[in-house]
Structures are given as structure tokens and as C-alpha cells.
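Student: Pasting in a structure now, in C-alpha cells, and then I'll have a few things to ask.
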Amino acid sequence: MKRFLSVVVFVAITVSSLLSCQKGPEEIRVSSISLTGEATHISCRNARLSGKANIPQTTATNLSFGVLYSTSSGILFGSATLLEAKDFDAENYFTVDSGVLEPETTYYYRSYIIQNDEVEYGETKSFKTLALSSMIQTLDASDVNLKDATLNAMLDLTDCNYSSIEYGFELTPEGGQPKTLKANNLADKAFSYRDENLVNNTGYSYAAYVKLDGILYKGETKTFTSAAPPTPTLVDLGLSVKWASFNLGASKPTEYGGYYQWAGTKDVSDTKIYLGWDNCPYHNGDYSSEGWTKYNTKSSYGTVDNRTVLEAMDDAASVALGGKWRMPTDEEWTELWNTDNCSWTWTTIDGVNGYKVQSKKPGFTDNWIFLPAAGSRYNDCIGNVGVYGHYWSSSLYTGSPDSARSVHFKSGDFYGSAYPRYCGLSVRPVSE
């Protein structure tokens, strides 16, 4: 019996001794050979980590060293990112760059040394990366007008490591698609972009961005609203209606103003938006001769409602200016270009080509308006600027309801016609 107990005790002591020699991950002690240094050059995406090896370089053989880091405090090989250093300095210090980190995140790190397959760890330390706002900030827009505004941002790249960079703004009109505006004027930790393709009286959201090595960082989103078009004065030519002194979307007679689709109330000047039948108001067909849901007189074209003049809700002038302002009818345009009523003289005012239309009516012969040759907006361009003028009426072309009545002119010629409803033409408001 005593011999049996002696064997059991011997086995237990042997197993205990073997287990005590096998160190688990949490049992590895902090070494005086590998010392963890302080994290420096901390940004929102980078940091510089350091350590010290208390091993004389002259005696170091089969040696590797560096830093491990993780968002978890349990930092061991296989559970953390390894950053191997290449060399010590004269005092056995070494540094490594972290690579790309996440903003405003706490990281744990420790140095390590491997010599002759033996691993020694330094003390575990931590640091927190800066908030994204320390690098990129969207600032308030400035100098906001009818069709242009300056977007502003702060970009501080201190301690940020990168090989390639792109920066600018993402701008989105209310109810529209975002567009990217690349800037190239970074100076004194700031940049800006002047967008000259805005739609008047429209809300916009925007955010500054920077791409470092293809990784996108965005500032907070801000908003602004482009200026509303000013109300023109009324010019009495002695006709059935009074005519506005300048185009819708302009602020003076020699400005072209906006471009509007027929039955559309938003300025479509932005050529980054392709104009076609698929984004024409009240049209959802594959072809121009089908799919019409409003302002249609032919069953083959779609839903027949027999509306032939724009309602106020679809009249760009009525929506923008309110009151009794509206687009002129085809009959009112005919009255204006009748040379018994008005003279039409092709001229240039302040460098802008167009027609000076002056009343011939007794008592009104000193009154005139200027119609600039603003061209027209179609597909992805604005064409014939300074050469042709194209102006909508509020009247449908009943012979082909995919078009509306309009007035066109060039030097030496002016006439009424019809134009596809998806195109963007000028609008000259009238009032009673």
C-alpha cells in the first residue's frame, strides 16, 4: 500500500513540474530586455511607435524586433498587427510607423524582441488617434448667389503619412444626384471650390472630402440655399400684357438667366445632368410619342387631359416669382414679334448679343426690352449662346404634344415655332 502511494505522489509531482514549464499566452512576463516607448506623431490615421532593446548590437544574433498593436489589450503574436523595425539607433532605440489607423480609436501596443526563437515583450501601453475633424472639416459656404457659391474646408495633414492625395467637395442639390468637385488650391491648411453651376433658389448639402492613398475621409455635412431670383420690373409696351425687364433667373437685362424644361420649374443649367426624354416632366415612356401623363391631346401619346396651357404649378415664372407673374402664351409672343406692334433690332449691349424690342404703340414708344441670345440647353451642353435665342411660351403644340410653342431668333430673323419639351429654353415672364 505504501509503495502504491509513493508511485502516485511521484507521478503527480512529475506532471505538475511539466505543466509549470509550459507558459501560456498570459503567463509571458514583461521583459527588461524589450522596453516599450511612447507613441508620438499621432494623427487621426497614423502614429509613430517606438521601443528599446537592451541587447548590445555587437552580441545580437538571429534577432528581430518591433512593435505589436491591436484595439484589444491582449497583444500577442497572432492576435495583433506586427510592425517589424529594421534597425536600432546608437542607443538601441527603434521606431516604426503604424500604417493606416481608424480615427478616434484607442490602440494598445507593446514592443517585442525575438532572439534565437525566444520572444520577449515590453510593457503594454495605449494611445488614442485624433478625431477625423482634426484633419478634414467642412466650413460654411460663402458668397452665395443665384448660380454660384464658394465651398470652403479645412485640411490639416500634420503627421498624416500618404503617397497620393485627392480633395474637394461632394455637392448634392435637393432632390438631385451628388456630384464631385475636385479642388487643387490647398494652402495654409485650407481649400475651396467656386461652383458656378448652381440652380437658383435651391437647397444644397455638401461635405468636404480627402482621399489619402485611395481611402476616403469626409467632413461633416453642411447646407446652404442659392439665392432666389430677383423680381424684374414691368415694362409696358402698350400690349395685352406687360413684359419683364429681364429673363427668369437673371438679375439684369443682359444676363441669360436660367434654362427650363417645358412644365419644369427648376433651372436645368447644370450640364452634368443629361437632359433627355427620360427626365422630361410628365413623361415616362421610352419614346417621345408615348408615355405622356399631362398636357396631352392625343391618345396615342398617352393619357389625354386636353390641357393646352401650363397651370401655375408647372409654370416656372409663376413658381419662382409668385403673384400674377407667368410665362407668356403663344398668342402673347405673336403679339410681341408682330412688327406692327414692336420693332426688333439685333444689337449688342455690354458684350451680349440679342434683340432690342421697342414699342411702336402711341404713348409707349420710349419703352423697350432686351432679349439676350442665350442659346438652349439640351443633352449635356448649352449651345448657340450669343447666336440664337430660344424662349418658351406656356402653350402646348397640339399637333405633336411632345413639343410646346416657342419663339426663336438670330440676327436678321425671328419667328414662332415648336420645340421638344425636354429641352431647356429661356423664360421671359409677363404679368397682367
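According to my numbering, the sequence shown is numbered sequentially starting from 41.
For each residue, glycine too, the CB sits at the ideal point set by N, CA and C.
Y462 to V470, Cα distance in whole Å?
Tutor: About 22 Å.
Student: Near D235, what residues of its chain come up, given a Cβ to Cβ distance below 7 Å and the 5 sequence neighbours on each side ignored?
Tutor: Answer for D235: D188, A189, L191, L211, L221, listed in chain order.
Student: Just to confirm, are L226 and Y207 a CB contact at a threshold of 8 Å?
Tutor: The answer is yes: Cβ separation under 8 Å.
Student: With burial defined as no fewer than 16 other Cβ atoms inside 10 Å of the residue's Cβ, what is the status of Q301: buried or exposed?
Tutor: Buried is the call here.
Student: In chain order, what residues of the same chain lie with their CB nearer than 7 Å to the CB of R417, ignoring the 5 residues before and after it?
Tutor: Excluding residues within five positions, the ones whose Cβ falls inside 7 Å are Y299, V308, S309, L315, C463, G464.
Student: Between the stretch 391 to 398 and the stretch 426 to 443, can you find at least three pairs of beta-carbon atoms closer than 8 Å?
Tutor: They touch, by the three-pair rule.
Student: Around the C-beta of V344, are 16 or more other C-beta atoms found within 10 angstroms, so that it is buried, or is it exposed?
Tutor: The residue in question, V344, is exposed, as its Cβ has fewer than 16 Cβ neighbours within 10 Å.
Student: Mapping the DSSP letters down to three states, classify M353 as helix, strand or coil.
Tutor: Helix, per DSSP.
Student: Report all residues from its chain with a CB closer than 8 Å to the CB of E67; omit the five preceding and five following residues, and keep chain order.
Tutor: Low per-residue confidence applies at E67: pLDDT is 38, beneath 50, and the placement is therefore not dependable enough to give any value.
Student: For D473, which residues in the same chain have their Cβ closer than 7 Å to its Cβ, ignoring the five residues on either side in sequence?
Tutor: The structure shown has nothing for residue 473, since the chain only spans 41 to 472.
Student: Compare the beta carbon distance of E163 and R150 with 8 Å and say whether it is the shorter of the two.
Tutor: Cβ distance < 8 Å, so E163 and R150 count as in contact.
Student: Check A181 in the structure and name its three-state DSSP category.
Tutor: Reduced to three states, the DSSP call for A181 is strand.
Student: Considering only residues of the stretch 424 to 457, which uninterrupted beta strand (DSSP E) runs meet the minimum length of 3 residues and lie entirely inside it, listed in chain order?
Tutor: Within the stretch 424 to 457, the complete beta strand (DSSP E) runs of at least 3 residues are 429 to 436, 443 to 450.
Student: Just to confirm before moving on: does the CB-CB distance between I82 and T169 stay below 8 Å?
Tutor: It is a contact, given that the beta carbons lie within the stated cut-off.
Student: Give the range of the alpha helix (DSSP H) segment to which D370 is assigned.
Tutor: That run of the alpha helix (DSSP H) goes 370 to 377.
Student: Expressed to the nearest angstrom, what Euclidean distance is found between the alpha-carbon atoms of L288 and G297?
Tutor: The alpha-carbon atoms of L288 and G297 are separated by roughly 6 Å.
Student: Here's a check: name, in chain order, each residue in its chain whose Cβ is nearer than 6 Å to the Cβ of D380, leaving out the five neighbours to either side.
Tutor: Once the five neighbours on either side are set aside, D380 has no close Cβ partner at all.
Student: For Y244, which three-state DSSP category applies?
Tutor: Three-state result, Y244: strand.
Student: Measure the alpha-carbon distance for L75 versus C84 and round it to whole angstroms.
Tutor: The straight-line gap from Cα to Cα measures roughly 25 Å.
Student: Do you know offhand how far K334's Cα is from D453's?
Tutor: Their backbone Cα atoms lie some 33 Å apart in a straight line.
Student: Over the uninterrupted beta strand (DSSP E) stretch that includes K222, give me the two end residues.
Tutor: Residues 219 to 222.
Student: Excluding sequence positions up to five away, which residues of its chain have a Cβ less than 7 Å from the Cβ of Q62?
Tutor: For Q62, the predicted model reports a pLDDT of 36, less than 50, meaning its position is unreliable and no value from the coordinates is stated.
Student: CA-CA distance, G118 and Y109?
Tutor: If I take the Cα positions, the gap works out to 11 Å.
Student: For W384, which residues of its own chain have a beta-carbon under 8 Å away from its beta-carbon, when the five flanking residues on both sides are left out?
Tutor: Excluding residues within five positions, the ones whose Cβ falls inside 8 Å are W377, Y395, K396, V397, F449, F454.
Student: Would you report the Cα separation of D228 and F167, rounded to the nearest angstrom?
Tutor: For D228 and F167, the distance between alpha carbons rounds to 28 Å.
Student: Name the residue from N419, Y147, N156 whose alpha carbon lies nearest to the alpha carbon of D318.
Tutor: Ranking N419, Y147, N156 by Cα distance to D318 puts N419 first.
Student: By a C-beta neighbour count over all protein chains shown, 10 Å radius and 16 as the cutoff for buried, is S443 buried or exposed?
Tutor: By the neighbour-count rule (16 or more Cβ atoms within 10 Å), S443 is buried.
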